[in-house]
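First the structure, in the form of structure tokens, and then the observations on it.
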């Protein structure tokens, strides 16, 4: 079997698995967030934190809870890292430096999971499990909660109430993320992933030294890393490490895990707004972009320019031989089109155009299918933009799901789509203009610029993957990337929740002959076009200086 055929067959198997999980998981999540019953141990949690899960919240209250919970989480994780040297199970590792502790705390709380450190050489068992793994769960649950609040904004009328944040948060963890992660961890352990709390021990010797590895709860953290579209690896090599990702099967299984919730949430959306066809239209948009990007990536990476690539069957530099070009291409596209950031190959080693595809995937806004929750609310904001564009073309007040898209709503949507590109481009320009940040680049020219552009695209879009050529463990990058992660996560949430509140207050508008049918393939095509055009107009000059210049020169 040729490598191209193997890649295509893996893609087809992945699509089949996602299709099988779509209906039951999407329906189940809709029931979770529509139920008015609380499990007994959920009630214990509410009592412990002093929250009333039955109290409905308007968008300012919902937002305050999101920000307060996240702020406390940042402080807790920061202190846990700074006190690591005094904690049991530290494996002898010292406290994390202040700038790196800030970067890591903001990274995991914002569901970015950017890492400027070697996990196996910096974090002990307590920080990994009680700190990083816990944030993998709750940061993903926060994203789903905000998405559900926006969906309720479309589904409800004449009320500004969007549900209860604490109830949405707890249910997301206990009823969705935790059960899926337990099953996933068992599968990974059965396939050879590491799961223990052993200390550091010597595993081999070489001339001039010896090699050491420490154990850890790798499989359980790997599970929620993918299920929650987090991405932070236990080891520096991330999902390219055999302790995290042992076989081609686990590689495909991990891709499935990082895609299954974002895709299934489109059905949850359809059920909650009372129209499955609306959910299918959003699903079709996400799937079209995802499959299109994979096809482009495989084409660029399988292109045989020169005898070395012909012998290897494609661009194999930086890729694991046990996965090959096809599986690595699927993983790279899936992780950058979601907010996962996990990698099974090094994106800096991809072809110039291949590296550009990974960057563009993040710059779309992590919406195809995006992160857990963030992908759905990002796509719904883009749907509002597409409806507005269609309304301009026909001279009609735009409507979406029975709600008029007026001046207030379009301002919130416009602010949402502008804030992240502004962060990416401003920080990239500052890093290139100042003398010190440039010292962190491994390469010069177009590829060096791509390292900087990729880093800020990853941080501001809460992806977390890296181009693997940039030394980001400096005060400049730890601080600015941390700031980009915080602003890139929570400023869009402000506009999403404000938009949800505005929609929930409206009176439904009955559909007429002039209403745009947003469940039809025509709207899907319009939405795909709007996403690509808006992103292209925003980022094309920067991409032309980096990956496009490199790709055309090779």
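Numbering (our numbering), first residue to last: 2 to 555.
For each residue, glycine too, the CB sits at the ideal point set by N, CA and C.
Go through its chain and collect everything with a Cβ distance to residue i's Cβ below 6 Å, but skip five positions before and after it.
i           : result
residue 278 : 520
residue 182 : 224, 225 and 228
residue 102 : 79, 82 and 83
residue 161 : 59, 502, 505 and 506
residue 153 : 163 and 164
residue 106 : 75, 78 and 79
residue 156 : 273 and 274
residue 350 : 318 and 319
residue 145 : 173, 373 and 374
Could you check where the alpha helix (DSSP H) with residue i kicks off and where it finishes?
i           : result
residue 539 : 522-546
residue 226 : 219-228
residue 10  : 4-35
residue 264 : 249-274
residue 378 : 375-395
residue 369 : Residue 369 -> no alpha helix (DSSP H), and no H or E assigned at all.
residue 490 : 476-505
residue 168 : 166-172
residue 317 : Run containing residue 317: none; DSSP gives neither H nor E here.
residue 303 : 277-303
residue 332 : 325-338
residue 346 : No alpha helix (DSSP H) holds residue 346; DSSP gives it neither H nor E.
residue 89  : Taken as a continuous stretch (DSSP letters only), residue 89 belongs to no alpha helix (DSSP H), as it is neither H nor E.
residue 406 : Residue 406 -> no alpha helix (DSSP H), and no H or E assigned at all.
residue 240 : Here residue 240 belongs to no alpha helix (DSSP H), and DSSP marks it neither H nor E.
residue 184 : 179-191
By how many angstroms is the C-alpha of residue j removed from the C-alpha of residue i?
i           : j           : result
residue 551 : residue 432 : 20 Å
residue 69  : residue 502 : 19 Å
residue 516 : residue 267 : 22 Å
residue 287 : residue 264 : 8 Å
residue 299 : residue 142 : 33 Å
residue 242 : residue 33  : 35 Å
residue 163 : residue 53  : 15 Å
residue 364 : residue 446 : 21 Å
residue 301 : residue 249 : 22 Å
residue 37  : residue 66  : 20 Å
residue 282 : residue 381 : 11 Å
residue 73  : residue 395 : 48 Å
residue 427 : residue 413 : 21 Å
residue 524 : residue 391 : 9 Å
residue 340 : residue 109 : 12 Å
residue 9   : residue 94  : 44 Å
residue 546 : residue 450 : 7 Å
residue 151 : residue 276 : 16 Å
residue 528 : residue 383 : 7 Å
residue 417 : residue 493 : 5 Å
residue 41  : residue 406 : 41 Å
residue 334 : residue 531 : 20 Å
residue 140 : residue 112 : 5 Å
residue 509 : residue 171 : 31 Å
Take residue i and list the residues in its own chain whose beta-carbon comes closer than 8 Å to its own, dropping the five residues that flank it on each side.
i           : result
residue 215 : 92, 121, 199, 200, 201 and 202
residue 90  : 125, 126, 127 and 198
residue 352 : 301, 302, 304, 316, 552 and 555
residue 536 : 361, 364, 365 and 366
residue 134 : 218, 221, 222 and 225
residue 123 : 94 and 97
residue 476 : 100
Please return the same chain residues whose Cβ sits closer than 7 Å to the Cβ of residue i, not counting the five positions on each side in sequence.
i           : result
residue 444 : 452 and 470
residue 539 : 422
residue 11  : 253, 327, 328 and 331
residue 30  : 177, 265, 266 and 269
Is residue i a contact residue of the ligand MG, with contact defined as CB to any heavy atom under 7 Å?
i           : result
residue 443 : The ligand MG is absent from the structure shown, which contains no ligand whatsoever.
**Message:** Restricting to runs no shorter than 4 residues, where is the alpha helix (DSSP H) found entirely within the stretch 111-155?
**Reply:** The DSSP assignment places complete alpha helix (DSSP H) segments of no fewer than 4 residues inside the stretch 111-155 at 120-123, in order along the chain.
**Prompt:** Looking at C-beta atoms only, is the number of pairs between the stretch 161-168 and the stretch 46-57 that lie closer than 8 Å three or more?
**Reply:** Contact between the stretch 161-168 and the stretch 46-57 is established, with three or more Cβ pairs separated by less than 8 Å.
**Message:** To test your reading of the DSSP string, which unbroken alpha helix (DSSP H) runs of 4 or more residues are found completely within the stretch 32-86?
**Reply:** The DSSP assignment places complete alpha helix (DSSP H) segments of no fewer than 4 residues inside the stretch 32-86 at 41-50 and 60-83, in order along the chain.
**Request:** Tell me the start and end of each unbroken alpha helix (DSSP H) in the stretch 432-467 that is at least 4 residues and wholly inside, in chain order.
**Result:** Fully contained in the stretch 432-467 are the following alpha helix (DSSP H) runs of length 4 or more, in chain order: 446-461.
**Asked** Between the stretch 356-372 and the stretch 480-491, do at least 3 Cβ pairs fall closer than 8 Å?
**Response** Touching, no, given that fewer than three Cβ pairs across the two stretches are closer than 8 Å.
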